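These notes concern the structure reproduced below.
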Amino acid sequence: MRRVRSIAGDSVNLLLYRELGRCDDAAEEALWRLNPGLAEWGPVLPAGVWVVLPEVELKPVATPSVSAWD
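All residue numbers for the sequence shown refer to the working numbering, where the first residue is 10 and numbers rise by one.
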């Protein structure tokens, strides 16, 4: 697991996208589980907050498309 510091104005999604290249639900859920006290900072993180990044695949798993005619 890798630790990074937040930049002023970071949200969890922005931090995930900048560091991992993805910010889908699976990556966000893994991040919240690793950082249970992170929500106390609010929706926008101040500069210098240490965040543990989850070890996830770089590309999210593609979900099959759904068609109304199938």
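Every residue gets a Cβ at the ideal spot worked out from N, C-alpha and C, and that includes glycine. Computed from a predicted structure; not experimentally measured.
Between the Cα of Asp62 and those of Ser20, Ala36, Trp78 and Gly18, spot the shortest distance and give me the residue it belongs to. In the sequence as displayed, the identity of residue 62 is Leu instead of Asp. The shortest Cα separation from Leu62 among Ser20, Ala36, Trp78 and Gly18 belongs to Ala36.
Below 8 Å on the Cβ atoms is my guess for Cys32 versus Leu25; work out the distance and round it to an integer in Å. By a beta-carbon distance limit of 8 Å, Cys32 contacts Leu25. Their separation comes to about 4 Å.
For Leu62, which residues does DSSP report across the bridge? Per DSSP, Arg11.
According to DSSP, is Asp33 helix, strand or coil? In the structure shown, the three-state DSSP call for Asp33 is coil.
Alpha carbon of Gly51 to alpha carbon of Met10, nearest angstrom: Spanning the two alpha carbons is a distance of roughly 23 Å.
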